[in-house]
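Peer 1: If you're matching them up, the sequences are chains A and B in order. My numbering puts the first residue of the first sequence at 5, with every later residue one more than the last. My numbering puts the first residue of the second sequence at 6, with every later residue one more than the last. All C-beta atoms in this analysis are idealised placements derived from N, C-alpha and C, irrespective of residue type, glycine included. Computed from a prediction, not measured in an experiment: that's the story for all the values here.
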Amino acid sequence: EDKVVQSPLSLVVHEGDTVTLNCSYEVTNFRSLLWYKQEKKAPTFLFMLTSSGIEKKSGRLSSILDKKELFSILNITATQTGDSAVYLCAVEAGSARQLTFGSGTQLTVLP
Amino acid sequence: KAGVTQTPRYLIKTRGQQVTLSCSPISGHRSVSWYQQTPGQGLQFLFEYFSETQRNKGNFPGRFSGRQFSNSRSEMNVSTLELGDSALYLCASSLEILGARTYEQYFGPGTRLTVT
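Structure below.
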């Protein structure tokens with residue numbers, strides 16, 4: 005059974021801090037790993053990673069995948085209160101066209 | 006371009022009843038997936054439809070079913086509702102080009118179902 009584990013489950017930081025969110029996975033026939041941000045609504049897409057070692061970057065957010073060690077990290081620099089959300093990691097594997105989600109990391113950024 | 010829309014946004018039903026939820030994907034997207042999100046289990050895959058055919062199904066009982074229409078709109082149905090079916094039901098659509106899916110799934114706002 006495919007498994008995706010995120011850590012930490014929750015994190016509280018102050019504005020300006022840098023955070024690193026972790027996602028590890030155990031799947032058969034890995035295809036891609038995706039990061040989503042979920043506030044009080046539907047998840048919004050952040051990144052899709054398929055190759056090891058290639059950093060994806062968007063503003064203050066960046067992510068990288070390690071297919072040998074089976075994990076990914078999401079970095080957020082100079083955090084702002086608007087970054088407060090649940091960050092979800094999902095993996096697509098095998099021939100199934102479904103995403104297996106981790107339980108998410110609840111990030112709270114205090115002013 | 007309009008996003009994924011879901012109706013209704015909120016629904017309250019009693020145990021034993023059935024419910025139908027609707028999802029309209031982004032124009033041009035033919036793949037529609039359904040997910041259930043609960044505080045205890047997180048986001049779990051229900052099923053995926055493409056060109057009116059169910060391509061994949063998650064580990065949910067047969068009370069959960071779905072279908073897709075020729076315009077790619079999709080519905081999911083839950084029969085004989087149980088208290089544990091209370092959840093946020095999310096629909097997501099994605100684009101496929103020549104059989105290759107762009108993995109980005111765009112989520113709708115969800116339908117919040119409460120079973121009493």
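Counting along the chain, where does the beta strand (DSSP E) carrying A/F49 start and finish?
Peer 2: Taking the first sequence and counting its residues from 1, the one referred to as residue 49 of chain A is at position 45. Its beta strand (DSSP E) spans residues 48-53.
Peer 1: Given this structure, state the Cα-to-Cα distance separating A/K61 from A/I68, to the nearest angstrom.
Peer 2: If you number the first sequence from 1, residue 61 of chain A lands on position 57. If you number the first sequence from 1, residue 68 of chain A lands on position 64. C-alpha separation (whole angstroms): 9 Å.
Peer 1: Which of the three DSSP states, helix, strand or coil, is assigned to A/D70?
Peer 2: One-based indexing of the first sequence puts residue 70 of chain A at position 66. Here A/D70 sits in strand by DSSP.
Peer 1: Measure from the C-beta of A/S51 to each C-beta in chain B and report whether the shortest distance is under 7 Å.
Peer 2: Counted from its first residue, the first sequence places residue 51 of chain A at position 47. What sits at residue 51 of chain A in the sequence shown is Phe, not Ser. No, its Cβ sits nowhere closer than 7 Å to a Cβ of chain B.
Peer 1: At a Cβ cut of 8 Å, what residues of the region 95-112 of chain A count as close to chain B, listed as they run along the chain?
Peer 2: Per Cβ criterion, the list reads E96, A100, R101, Q102, L103, T104, F105, G106, S107, G108.
Peer 1: Consult DSSP for A/T24 and reduce its assignment to one of helix, strand or coil.
Peer 2: Against the first sequence, residue 24 of chain A aligns to sequence position 20. Correct three-state label for A/T24: strand.
Peer 1: Output yes or no for whether 7 Å exceeds the beta carbon distance between A/T22 and A/T85.
Peer 2: What you label residue 22 of chain A is simply residue 18 of the first sequence in a count that begins at 1. What you label residue 85 of chain A is simply residue 81 of the first sequence in a count that begins at 1. No, they are not a contact pair.
Peer 1: Please determine, among A/S11, A/E5, A/D6, A/K45, the residue with the shortest C-alpha to C-alpha distance to A/N79.
Peer 2: Locating residue 79 of chain A in the first sequence gives position 75, where the first residue counts as 1. Closest option to A/N79, Cα to Cα, is A/S11.
Peer 1: Beta-carbon separation of A/K7 and A/E43 under 7 Å?
Peer 2: As a working mapping, residue 7 of chain A is identified with position 3 in the first sequence. As a working mapping, residue 43 of chain A is identified with position 39 in the first sequence. No, the pair does not count as a contact, with Cβ atoms beyond the cut-off.
Peer 1: For a cutoff of 7 Å on Cβ pairs, would you count A/K45 as touching chain B?
Peer 2: Translated into the one-based positions of the first sequence, residue 45 of chain A becomes position 41. Output row for A/K45: interface = yes.
Peer 1: Return the CA-CA distance between A/L111 and B/L26, expressed in angstroms with no decimal places.
Peer 2: Start at 1 with the first residue of the first sequence, and residue 111 of chain A comes out as number 107. Start at 1 with the first residue of the second sequence, and residue 26 of chain B comes out as number 21. So the alpha carbons of these two residues sit roughly 31 Å apart.
Peer 1: Excluding five sequence neighbours on each side, which residues of the same chain lie with their C-beta closer than 7 Å to the C-beta of A/D87?
Peer 2: In the first sequence, the residue the question calls residue 87 of chain A occupies position 83. Hits under 7 Å: I80, L111, V113.
Peer 1: Is B/G89 helix, strand or coil by DSSP?
Peer 2: The sequence position of residue 89 of chain B within the second sequence is 84, counting from 1. B/G89: helix per DSSP, three-state reduction.
Peer 1: With a cut-off of 7 Å, does the C-beta of B/P30 fall near any C-beta of chain A?
Peer 2: For the purposes of this step, residue 30 of chain B is identified with residue 25 of the second sequence, where counting begins at 1. For B/P30, the answer is no, since every Cβ of chain A falls outside 7 Å of its Cβ.
Peer 1: Under 8 Å Cβ to Cβ from B/V24, same chain only, skipping five residues before and after it: list those, please.
Peer 2: Within the second sequence, numbered from 1, the residue matching residue 24 of chain B stands at position 19. L16, K18, N82, V83, L86, L118, listed in sequence order.
Peer 1: Pick out whichever of A/V9, A/F75, A/S76 has its Cα sitting closest to the Cα of B/Q46.
Peer 2: On the second sequence, position 41 is the one that residue 46 of chain B refers to. Considering only alpha carbons, the answer is A/V9.
Peer 1: State the Cα-Cα distance for the pair A/S55 and B/Y40, rounded to the nearest angstrom.
Peer 2: Position 51 of the first sequence holds residue 55 of chain A. Position 35 of the second sequence holds residue 40 of chain B. Cα to Cα, A/S55 sits roughly 26 Å from B/Y40.
Peer 1: In terms of DSSP beta bridges, what is A/V16 paired with?
Peer 2: Counted from its first residue, the first sequence places residue 16 of chain A at position 12. DSSP lists A/T112 as partners of A/V16.
Peer 1: What does B/Y111 reach in chain A if we use C-beta pairs closer than 9 Å?
Peer 2: For the purposes of this step, residue 111 of chain B is taken as residue 106 along the second sequence, with counting starting at 1. Chain A residues near B/Y111: A46, T48, F49.
Peer 1: Check the DSSP bridge columns for A/V31 and list the partner residues they point to.
Peer 2: The count along the first sequence starts at 1 and reaches residue 31 of chain A at position 27. Bridge partners of A/V31: none, in fact.
Peer 1: Any idea if B/A142 is buried or exposed, counting beta-carbon neighbours within 10 angstroms, 16 or more meaning buried?
Peer 2: With chain B covering 6 to 121 only, the question about residue 142 of chain B has no answer from this structure.
Peer 1: Pick from A/L25, A/W39, A/F34, A/I58: whose alpha carbon is nearest that of B/F112?
Peer 2: Against the second sequence, residue 112 of chain B aligns to sequence position 107. Of A/L25, A/W39, A/F34, A/I58, the residue nearest in Cα terms is A/W39.
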